[in-house]
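To keep things clear, I will list the structure first and then write my remarks on it.
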Amino acid sequence: MPTITTDTLSIDYADGGPRDAPVALLLHGWPDDRSSWDSVAALLNDAGLRTIVPSLRGFGATRFLSATSLRTGNSGILALDAIGLMDALGIARFCVAGHDWGSNSAEALAVGWPDRVASLAMLATPPRLGGMATPPFEQTQRQWYHWFMATKRGAQAVRDDPIGFAHLHWVNWSPSGWFDEPLFARVARSFENPDFVDVTLHSYRARWDEAEPDPSARWLDERVRATKTLSLPTMYFQGAVDGINPPSTTEGVAKKFTGPFERVVLPGVGHFPQREAPGQVAVKLVALFGAR
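Heads up: the sequence shown is residues 72 to 363, going by the numbering used here.
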């Protein structure tokens, strides 16, 4: 797969579909890699869309150019990475879909570059528009791993066994049997990136103010917190049996969008909609991204 160099990264990415077609940027989440979009991207390409699918910093073959660069993972810096990629590719305007980490990075792109993002799809992780409140105890219990990583012992445990830690969430977040072990093993090779753990720990610590965001992206994180609503066409994909963000956590998402909006609830689907139900996701994305 090709790589492209930005100011801070050598980004590994896939580029598919007609080169002169409307562009869909597809951002993966944690713990996953860009192969999560393979089936959806192929269907979007067949429908006449070009897809750009990068490996986020800390994943796969994406690498920092300098040993002194901060190994950060807050949503703002991931969005800046994505803009750097699109700039390097010469793509001025695009649609974006993001899953998990990618969901909030996609949201940050829409906030920071509203003239460039034509439409937005968020999968499995709700928006942070207006800031993140401390969750109720029931949701805090589901998000135990956030708080675990904020402790010294928890962080060391993740350093000692990052693959085992990631595997636990694949098991817990979606219905039993949704994946097989060879699939996870292939994806887990992306977690062997030397910066995976540092980027992971920073991402979760920064969202709860246990770490400072990357200084170069602070402005964007602050702008997301200050932005109450977005008006661009948006879809939110909700797995009906998502083990980390169940439907009850996203019932009010529509209030954050003043333009065309659809919340798509997928029966029998957990936290990985683009892997578990790629056909259903692709049909909806073609309708959203193809409408100009």
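Yeah, the Cβ is synthetic: ideal placement off N, Cα and C, and Gly gets one too.
Owing to the predicted nature of the structure, the values given are computational and were not obtained by experimental measurement.
Please tell me whether residue i and residue j are closer than 7 Å, where the distance is taken between their beta carbons.
i: Ala95; j: Thr77; result: no
i: Ala353; j: Leu114; result: yes
i: Trp244; j: Gly314; result: yes
i: Thr133; j: Leu80; result: yes
i: Gly147; j: Leu98; result: no
i: Asp104; j: Gly131; result: yes
i: Ala85; j: Val124; result: yes
i: Ala288; j: Leu151; result: yes
i: Gly129; j: Val229; result: no
i: Arg296; j: Gly173; result: no
i: Glu347; j: Met306; result: no
i: Ser137; j: Cys166; result: no
i: Pro349; j: Ser107; result: no
i: Gly87; j: Asn116; result: yes
i: Lys355; j: Val335; result: yes
i: Pro102; j: Leu120; result: no
Between which two residues does the beta strand (DSSP E) harbouring residue i extend?
i: Asp313; result: Where Asp313 is concerned, there is no enclosing beta strand (DSSP E), given that its DSSP letter is neither H nor E.
i: Asp86; result: Leu80 to Gly87
i: Arg121; result: Arg121 to Pro125
i: Thr76; result: Thr74 to Thr76
i: Met203; result: Premise fails: Met203 is in no beta strand (DSSP E) and is neither H nor E.
Quick test of your reading: residue i and residue j, contact by CB under 8 Å. State the CB separation rounded to the nearest angstrom.
i: Ala153; j: Ser176; result: 6 Å
i: Pro318; j: Ala311; result: 6 Å
i: Val268; j: Pro233; result: 5 Å
i: Gly144; j: His273; result: 5 Å
i: Gly361; j: Ala181; result: Between Ala181 and Gly361 the Cβ distance is about 18 Å, and since that is not below 8 Å, they are no contact.
i: Thr320; j: Gln210; result: 6 Å
i: Arg276; j: Met220; result: 7 Å
i: Asp292; j: Pro284; result: 5 Å
i: Arg164; j: Arg199; result: Contact flag wrong, Cβ pair sits at about 24 Å.
i: Ser261; j: Ser126; result: 7 Å
i: Arg294; j: Gly183; result: 6 Å
Which two residues bound the contiguous alpha helix (DSSP H) that contains residue i?
i: Ala112; result: Asp109 to Asp117
i: Glu263; result: That residue, Glu263, is in no alpha helix (DSSP H); it is neither H nor E in DSSP.
i: Ala138; result: Counting along the chain, Ala138 falls outside any alpha helix (DSSP H), and DSSP gives it neither H nor E.
i: Val354; result: Pro349 to Gly361
i: Gly173; result: Trp172 to Gly183
i: Trp218; result: Trp215 to Met220
i: His342; result: Note, His342: premise wrong, no alpha helix (DSSP H); not H, not E.
i: Ile162; result: Neither: Ile162 is in no alpha helix (DSSP H) and is coded neither H nor E.
i: Arg230; result: Lys223 to Asp231
i: Trp130; result: Strictly speaking, residue 130 in this sequence is Phe, with Trp absent from that position. Per DSSP, Phe130 belongs to no alpha helix (DSSP H) and is neither H nor E.
i: Pro284; result: Where Pro284 is concerned, there is no enclosing alpha helix (DSSP H), given that its DSSP letter is neither H nor E.
i: Phe255; result: Glu252 to Ala259
i: Thr271; result: Phe267 to Arg278
According to DSSP, what are the bridge partners of residue i?
i: Arg334; result: Tyr307
i: Val167; result: Leu96 and Leu191
i: Phe328; result: Leu301
> Is the segment 323 to 335 touching the segment 296 to 313 in the sense that three or more CB pairs, one from each, lie closer than 8 Å?
Replying inline: yes
>> Three or more C-beta pairs under 8 Å: does that hold for the segment 333 to 352 against the segment 188 to 204?
In response: yes
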